[in-house]
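Counting from 1, position 125 in the sequence shown corresponds to residue 124 in numbering that gives the first Met the number 0; the numbering is continuous, with no gaps. Note that beta-carbon positions come from the ideal geometry of N, C-alpha and C, so glycine has one too. Remember, it's a predicted structure, so these values are computed and weren't measured experimentally. Presented below is the structure to which this report refers.
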Amino acid sequence: MKNIEQKINDLLVAEQGVLVRRDHRAIGAQLDYALRRGLLRSTLPGVYTAAPPSLEAQIRAAVLFRPSAVITGAAAAKVLWWPEVAVPRVEAAVQHPIRPSYPGFSFTQRTVPADLIVYRQDIRLACPALSVLDLIDVLGGAAVDEALRRRATTLRELWAAYAMCPQRPGNGLRKAILHDSRDEPWSPRERTAHQLLRAAGLTGWRTNHPVLVNGVRFIVDLVFVRERIVIEIDGWTYHGSRHAFVEDRWRYARLAAADWTVLPFAGSSIEDDPEEFVAVVRQSLARRRKF
0 MKNIEQKIND
10 LLVAEQGVLV
20 RRDHRAIGAQ
30 LDYALRRGLL
40 RSTLPGVYTA
50 APPSLEAQIR
60 AAVLFRPSAV
70 ITGAAAAKVL
80 WWPEVAVPRV
90 EAAVQHPIRP
100 SYPGFSFTQR
110 TVPADLIVYR
120 QDIRLACPAL
130 SVLDLIDVLG
140 GAAVDEALRR
150 RATTLRELWA
160 AYAMCPQRPG
170 NGLRKAILHD
180 SRDEPWSPRE
190 RTAHQLLRAA
200 GLTGWRTNHP
210 VLVNGVRFIV
220 DLVFVRERIV
230 IEIDGWTYHG
240 SRHAFVEDRW
250 RYARLAAADW
260 TVLPFAGSSI
270 EDDPEEFVAV
280 VRQSLARRRK
290 F
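Next comes the structure, spelled out in structure tokens:
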């Protein structure tokens, strides 16, 4: 029996973690033994992986199950540009309906335009822009923020992908979020700040903009260039470490020494007291515009 176990393991390694029964009819009895012993799992009909399967094996299993499938959503994002994103199931676009459903997978009858497909070896994946649009259904604007911050795609590419998938269910929400992203936020709280400034009628600001101080280039969250006002929106995710705290203090000091007014806000304070956020910005603008 050890020889069978070793043979199965060797096959899994040779075939990148996935075995298709029709390709191994000669060892059908050994595959059945491996299934009974828990050495293999029937991930999809006629498609076997180790138990439990890795995400890579699940993706390959979906493609071997339906060779024309395009991996979409979180799985495509994880492979191409967002390695930390959670993937509750492998989603795939297929040409024909698949019944019944299978745990760990979601197959949707849907045509993906060729221009929105990228290839990784023999696997077809939704391009970053399309995977962002897919993720809006679950993550809302946060998916756009993350993609823009990582420079995985651009707002222009997102709009182009949207236009190439007309009459798709959920497009109303996607259009609204893309429109709300016109100032290219890099986080949900930056998005909130942009909404508040627009609603207050405050104009003349730029986002994620480079500011040069003594030859050092800083990318600031939001800036009124003419008034020399910098707004920084700090959250625990990217500013919570000791190193980040020290670096932020140096940055603010250097900007202030170069005659920039720096308004550092905790991300939570913008949501907790939006009126005060707008009032502080408005007051700073009024003071700067006097001179």
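Three or more beta-carbon pairs drawn from the segment 194-204 and the segment 222-234 are found closer than 8 Å, and the two stretches are therefore classed as touching.
Shown here, residue 273 sits in a helix according to DSSP, grouped into three states. The distance from the Cβ of residue 127 to that of residue 79 is about 5 Å, consistent with a contact at the 8 Å cut-off. Put simply, of 36, 265, 159 and 268 the residue whose alpha carbon is nearest the alpha carbon of residue 131 is 159. Our two residues, residue 117 and residue 26, have alpha carbons roughly 35 Å apart in a direct line. For residue 242, the three-state secondary structure derived from DSSP is helix. A residue is called buried when at least 16 other Cβ atoms come within 10 angstroms of its Cβ; residue 198 does not meet this threshold and is exposed. Under the 10 Å beta carbon count, residue 274 is surrounded by fewer than 16 other beta carbons and is classified as exposed. Taking the CA atoms as reference points, residue 18 sits about 20 Å from residue 90.
Taking 8 Å as the cut-off, the beta carbon of residue 136 is found no closer than this to the beta carbon of residue 125. With respect to the C-alpha of residue 190, the residue from 171, 163, 211 and 269 having the closest C-alpha is 269. When secondary structure is reduced to three states using DSSP, residue 81 falls in the coil class, being assigned neither helix nor strand. Distance from the CA of residue 170 to the CA of residue 213, rounded to the nearest whole angstrom, comes to 46 Å. Take residue 64, set aside five residues on each side of it, and the residues of its chain with a beta-carbon closer than 8 Å to its own are 43, 44, 45 and 46, in chain order. In this chain, residue 191 is not harboured by any beta strand (DSSP E); it is covered by the alpha helix (DSSP H) spanning 187-198. When the alpha-carbon of residue 87 is set against those of 74, 81 and 255, the nearest one is in 74. In the three-state scheme derived from DSSP, where H, G and I count as helix and E and B as strand, residue 108 is classed as strand. For the 8 Å CB-CB criterion, residue 92 and residue 107 form a contact. Taking the C-beta atoms as reference points, residue 60 is found no nearer than 8 Å to residue 49. In this structure, the straight-line span from the alpha carbon of residue 68 to that of residue 123 is close to 7 Å. Within the same chain, and ignoring the five residues on either side of residue 284 in sequence, the residues whose Cβ sits closer than 8 Å to its Cβ are 201, 223, 226 and 228. In this structure residue 220 touches residue 232 by the C-beta definition: roughly 5 Å separates them, less than 8 Å. Going by DSSP, residue 32 is part of the alpha helix (DSSP H) stretching over 27-36. Ranked by how close their Cα comes to the Cα of residue 208, the residues 188, 167, 119 and 183 have 183 in first place.
Annotation: residue 259 is outside any beta strand (DSSP E) and is labelled neither H nor E by DSSP. Exclusion of the five residues before and after residue 258 leaves 227 as the residues of its chain whose Cβ lies within less than 8 Å of its Cβ.
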